[in-house]
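All remarks here apply to the structure that follows.
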Amino acid sequence: MNKHKPWIETSYHGIITENNDTVILDPPLVALDKDAPVPFAGEICAFKIHGQEMPFEAVVLNKTSGEGQLRAKSPVDCELQKEYTFIIQAYDCGSGPGGKNWKKSHKAVVHIQVKDVNEFSPAFKESVYKASVTEGKIYDSILQVEATDEDCSPQYSQICNYKIVTADVPFAIDRNGNIRNTEKLSYDKQHQYEILVTAFDCGQKHATEDVLVHVNVKPVCKPGWQDWNKRIEYRPGSGSIPLFPSIHLETCDGPVSSIHTTIELQTSSIGKGCDRETYSEKSLQKLCGASSGAIDLLPSPSATTNWTAGLLMDNNDIIFKFDGKQGAKIPDGIVPKNLTDQFTITLWMKHGPSPGLRAEKETILCNSDKTEMNRHHYALYVHNCRLVLLLRKDFHRADTFRPAEFHWKLDQICDKEWHYYVVNVEFPVVTLYMDGTTYEPYLVTNDWPIHPSHIAMQLTVGACWQGGEVTKARFAQYFHGSLASLTIRPGKIESQKVISCLQACKEGLDINSLESLGQGIKYHFNPSQSVLVMEGDDIENINQALRKVSYINSRQFPTAGIRCLKVSSKVQCFGEDVCINIPDIDAYVMVFQANEPKITITGMDHFARPAAEFESERGVILLPDIRIISTVTKMEHSVDLREYDRANKQVVVEEMVHNLDFCDVLVIGAELDPQQECLELDHGELQGKHLDATNSTAGYSIYGVDSMFSYEQVLRQLRYRNWGSSATSDRKFRVKCSELNGRYTSNEFNLEINILHSSNSNFMDHVNHMIVQPKFLQSVQHPEGSVSAAHSSVIPGVATIVIIICVSILVLVITLGVFRLRSARQRGSVGHEGARESEMDWDDSALTITVNPMEKYEKPHQTEEESEEEDIDDEEEDTTSAESDDSEEEEEEEEEEEVIVQKGDKQNGTR
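Residue numbers 1 to 911, in full-length UniProt numbering, belong to the letters of the sequence shown in order.
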């Protein structure tokens, strides 16, 4: 009997995954019946769904337990319907097998949601996007791209991100699809950009097709300087060349009221801050008219100045680098012990920041006790970016405080750039000149004077000598940096004019035709002419003025390399708080390498003079006809050359005129003996020239910056004296000249002189009388390469005499042959056979002369007698047979070859 109806929950919530058929219900679908366990009445036979065309069905899984299941009749699609609501009831099996008297449960509400599957990819609404931007601007959004997704759920249907696929483009995109530029675009750089963009839904599924975005860059008027070249080429000898001959300022119709422009030539990478003359400090001081007596403490290493040989040196210039481990001792006697109350110290210095907060003193030069004690008498050093001069003098009143330390604090001391320092001392006043500008010491401290003592002093450079108070004497307080042209001048101070000359740059900015500058243009140069400031109200006048700015390098052989140029401008506008911005100009001047000159010295390279001339008061002029010329080799550039001929350019050698800075006349072999010989020059020959000279037993040195002609004039007056010539038969000298402190050097011109003593002189007079040549004779010249050098060790004086004797004998032989020829003609009455015999006699006589020049030299007074004896022998041999003639002819040919070889050897010995 079926007493009770089934019971189910009042509501159910279900989820079904898209494209699936199983619905997961909460709570599970279960019907209960109180008639259980009565068969049929207590069993559940069906679940029925009430609703229009619901795509679901409910099935009973277990009649006894009442468990059921809800499932889809066919796959559901979330994109068509996201959720379903319907009514469900449970039915029992009734009272019997036929299902009679069945009962149904109450109605329960079922709510089903369809769970989405990410089956669709994002798709863009447009196939191509286009936008235009103006160059030079940053945009928040150039354009917006938009993609959609057909999935039904928010998770899969919403676009969560966009991405630019194209690499290395100046654009970015946000999650909303807004594209912006990340940097200012330039029309000149690129007219158009093409970028690909993709989209991602929130399930990170990206679009199957990327979208193309075109961004066009439109040019705009850009304020700034127009029509200028980044590279300006400068060839040596060009003088002044304009830097910006066509430049003009574009203001884009901005209301500009005035403009302020600064042109800066950056030359810190060249030499000592700019292109300066690279002559030695001594030559430069002579050229600038500095006071004499300057002592170079850092000269180029040489035999006489060897204390700098162990220092690190820049080969391109006389620059010494100190690494904190080196110092140099100046030999005694180079600098006087007493500098007096007036003296000058000059130097070039390049120095960086001192290491540490409490850095040690860095010594430039120091004069301290050599032994026993450790007193510093005077010193110049750097300490914590301060330049300090220590000067402790000996005073008669030992109880008097005197100024002892002078301190200067300058940023330039530690800026790692070259600067020129001059310390003028007029005790107790000390003045510092740095790059030509005067600086007074910011601090002067007093100290007790040093007590006089017998202890010797040691002058050093790059470190200070610590001779006492230590176990072993050593250097201390090392310098870190570079030094050049360190000099000290006792007893004198230098003038402002000379100081400016010594540090003057030979390159800089210039203005062509100042008179033609426009009205209202103001300009100003800094002292070195590396910075030019121009200011004006009219734009066109500024344009004209800037076109006249030029680069000039007055050096004949400038330092090759790059000089950077920077032009910065500021403008003011009428009534505008914000005015246009003018970009800086960054350009450079390329200075080419000068054609290297070839300096050639020529003149008489050998002569002989009687000893009496060398012994005279004036001596003998060494180089009476010396000639110094300089040539350069250039490639000829012709516009008429055809293309295939241009590869074979013609080489042109041109003579050029330039200065020299020293010429050395050096002794080859043993040095001069000052007891009996010397080189002399009247110092009046140096007057009116920028030249000076030093003399030693090793030779004569003339130095200073002057023309080649001036050097020729002085060298032609150099004399050699030898008042003890009996022990000397010859001397050899070598002449060598230089330009730019050895950058260009001449050939080595060798000169040999022979001293003829009295016996040789008398014999020379006799020989000179004999060797007068007949007018019909031609001089014979033997090529230099045809003579052997086997006997080149013969004494040059002897070789000269032997040559003259050989020439004399040759003249005698020819004269004798002419005489014999005339005699043969006078015997014309002799028969035909006699005539033939006479001809053979002539040939025989000409070939049987045997000459030994060395025998003639040993017995010169027998020359005429031997010649007569040979003549008699020739007459006696007239009857010699033809066979003997042939044999003698071969012997005579060999002997004549020996004579020629010996003559050539003597000639080689004289060269």
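The C-beta atom is built at its ideal place from N, Cα and C for all residues, glycine as well.
Of the choices the options, whose alpha-carbon is the least far from that of residue i?
i: Asp174; options: Thr198, Tyr156, Met434, Ser238; result: Thr198
i: Pro27; options: Ser758, Ala108, Cys678; result: Ala108
i: Glu233; options: Gln52, Ile164, Ala587; result: Ala587
i: Leu312; options: Ser302, Gln326, Ala303, Thr305; result: Gln326
i: Asp116; options: Asp151, Glu57, Ser238, Lys104; result: Asp151
i: Val382; options: Lys393, Arg392, Phe479; result: Phe479
i: Arg375; options: Ala359, Val211, Ile88, Ser453; result: Ser453
i: Tyr439; options: Cys464, Asp411, Leu459, Trp418; result: Asp411
i: Val461; options: Glu146, Ile330, Asp323; result: Ile330
i: Asp435; options: Ser500, Leu380, Leu443; result: Ser500
i: Val60; options: Glu9, Leu80, Ala608, Val30; result: Val30
i: Asn20; options: Lys506, Asp584, Arg71, Ser11; result: Arg71
i: Ser554; options: Ile542, Phe592, Cys505, Ala328; result: Cys505
i: Pro122; options: Ile142, Glu209, Ile138, Lys48; result: Glu209
i: Ser127; options: Val213, Asp341, Val632, Cys366; result: Val213
i: Asn216; options: Asp275, Asp253, Ile295, Tyr129; result: Tyr129
i: Thr344; options: Met656, Leu391, Thr471; result: Leu391
Could you check where the alpha helix (DSSP H) with residue i kicks off and where it finishes?
i: Phe709; result: 708 to 715
i: Pro154; result: 154 to 157
i: Ser500; result: 496 to 502
i: Leu287; result: 281 to 287
By DSSP's criteria, residue i is part of a beta bridge. Which residues make up the other side?
i: Arg402; result: Asp447
i: Asn178; result: Gln144
i: Gly481; result: Phe322
i: Val652; result: Lys634
i: Arg474; result: Gln466
So residue i and residue j are in contact, right, with Cβ under 8 Å, and what is the actual spacing, rounded?
i: Gly66; j: Leu32; result: 6 Å
i: Leu546; j: Phe244; result: 6 Å
i: Ser283; j: Gly704; result: 6 Å
i: Leu483; j: Leu298; result: 6 Å
i: Leu339; j: Pro490; result: 5 Å
i: Ser368; j: Gly467; result: 7 Å
i: Tyr700; j: Cys737; result: Contact doesn't hold; Cβ gap of about 13 Å is too wide.
i: Gly575; j: Asn541; result: Rounded, the Cβ-Cβ distance is 22 Å, inconsistent with contact.
i: Met708; j: Ile628; result: 5 Å
i: Ala543; j: His248; result: Looking at the sequence itself, residue 543 is Asn, so the reference to Ala does not match. Between His248 and Asn543 the Cβ distance is about 5 Å, and since that is below 8 Å, they are a contact.
i: Lys184; j: Gly254; result: Lys184 to Gly254, Cβ: 18 Å. No contact.
What is the DSSP secondary structure of residue i, counted as helix, strand or coil?
i: Asn306; result: helix
i: Gln862; result: Confidence is the limiting factor: at Gln862 the pLDDT is only 41, short of 50, which leaves the residue's position unreliable, though a coordinate-based value still follows. Residue state, collapsed to three classes: helix.
i: Ile580; result: coil
i: Gly508; result: strand
i: Ser726; result: helix
i: Asp411; result: helix
i: Lys370; result: coil
i: Glu889; result: Because the pLDDT of Glu889 is 43, which lies under 50, any placement of that residue in the model is unreliable, and the question is left without a value.
i: Asp841; result: Annotation note: pLDDT 40 at Asp841 (below 50); position unreliable, coordinate value reported separately. Asp841 falls in the helix class under three-state DSSP.
i: Ser792; result: Reliability fails at Ser792, whose pLDDT of 35 lies under 50, so the model's placement of it is uncertain and no value is given.
i: Gly817; result: helix
i: Asp746; result: First, the residue type needs correcting, since residue 746 is Ser and not Asp in the sequence shown. Reduced to three states, the DSSP call for Ser746 is strand.
i: Asn20; result: coil
i: Cys806; result: helix
i: Phe124; result: strand
i: His683; result: helix
i: Glu79; result: coil
i: Val335; result: coil
i: Glu277; result: coil
Note the first and the last residue of the continuous beta strand (DSSP E) segment covering residue i.
i: Phe662; result: 659 to 668
i: residue 972; result: Outside the displayed range of the chain (1 to 911) lies residue 972, so it cannot be described from this structure.
i: Ile539; result: Premise fails: Ile539 lies in the alpha helix (DSSP H), 539 to 547, not in any beta strand (DSSP E).
i: Gln326; result: It is not in any beta strand (DSSP E) - Gln326 carries neither H nor E in the DSSP assignment.
i: Ile16; result: 11 to 17
i: Phe525; result: 522 to 525
i: residue 965; result: Residue coverage of the chain in this structure runs from 1 to 911, which leaves residue 965 outside it and unanswerable.
i: Ala172; result: 171 to 173
i: Ala608; result: 606 to 610
i: His111; result: 108 to 115
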